[in-house]
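This report refers to the structure that appears directly beneath it.
In my numbering, the protein residues as written are 98 to 330.
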């Protein structure tokens, strides 16, 4: 069988991946009468051109691509990917996070290159990255439990009662708040929350939370309806 030139091969790859999701390297190589190494190079070219190809479990076209390409350094891409993996462990079965991971993994198509090997250990997992700070083991475990409780409360639309150090009042306070979201900022997790019977949003460092209790009080509506605009602040 005659070897197919690169342009026709790439067109063939696109059609095959679209019509046979999960198709493997060897099958593509057989179709084009080339080596698996050549297929890797072809796919790398497609990804470099912006084609959203997922490489997990064979080749697939990553779905739901609707924004222009954003240029990240390899380190930034690894950090985003590992952040998503950590969040996925926390929230479980989140389809949106899984789609984001598909796209990030397809963009970081460097698994067979020395550059990938050099950077792989930089952000092995976000969990390891988080624990490099000056946090003792007891506090670290306590924070994990607090973050887990907050996540459960958000999923269950429940208010939480927390005892924490208020940096504005410079003292420990007890209050009931509506948990909105957890965000990661400067090597620490921050709880975005609304005071009960108030529309103001406050930022609370999870490292300042000593105790947390999920109450029987429920709130209606979605956290996503909260107005995060500049005007709201």
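All residues carry an ideal CB built from backbone N, CA and C; glycine is no exception.
Per DSSP, the unbroken beta strand (DSSP E) holding residue 290 starts and ends at 286-292. Segment contact: the segment 303-317 against the segment 272-290, three or more CB-CB distances shorter than 8 Å; contact assigned. The three-state reading of DSSP puts residue 148 in coil, since its state is none of H, G, I, E or B.
Contact check for residue 114 against residue 150 passes: the beta carbons are separated by less than 8 Å. Your pair residue 116 and residue 129 does not check out as a contact, with CB atoms roughly 15 Å apart and the cut at 8 Å. Residue 247 sits close to residue 309, with the two beta carbons spaced by under 8 Å. Closest in alpha carbon position to residue 244, among 200, 286, 155, 179, is 286. Distance check between residue 256 and each of 290, 242, 264, 263 places 290 closest, using alpha-carbon atoms only. Residue 168 is classed as exposed because its beta carbon has fewer than 16 other beta carbons within 10 Å across all chains shown. In terms of Cβ geometry, residue 194 and residue 201 do not form a close pair [threshold 8 Å]. Annotation for residue 124: the continuous alpha helix (DSSP H) segment containing it runs 122-129. The C-alpha of residue 288 lies about 24 Å from the C-alpha of residue 175.
Of the candidates 196, 124, 267, the residue whose Cα lies closest to the Cα of residue 155 is 124. Short of 8 Å from the beta carbon of residue 148, and not among the five residues preceding or following it, lie these beta carbons of its own chain, in chain order: 111, 158. Under the three-state reduction of DSSP, residue 316 is assigned to coil, being neither helix nor strand. The beta carbon of residue 268 lies closer than 7 Å to none in the same chain, with the five residues before and after it left out. The alpha-carbon separation between residue 292 and residue 298 amounts to approximately 7 Å. In the three-state scheme derived from DSSP, where H, G and I count as helix and E and B as strand, residue 173 is classed as helix.
When C-alpha distances from residue 295 are compared across 135, 274, 307, the shortest belongs to 274. Taking C-beta atoms under 8 Å as the contact rule, residue 259 and residue 272 qualify, at a distance of about 6 Å. Contact annotation: residue 261 and residue 192 have beta-carbon atoms that are not nearer than 8 Å.
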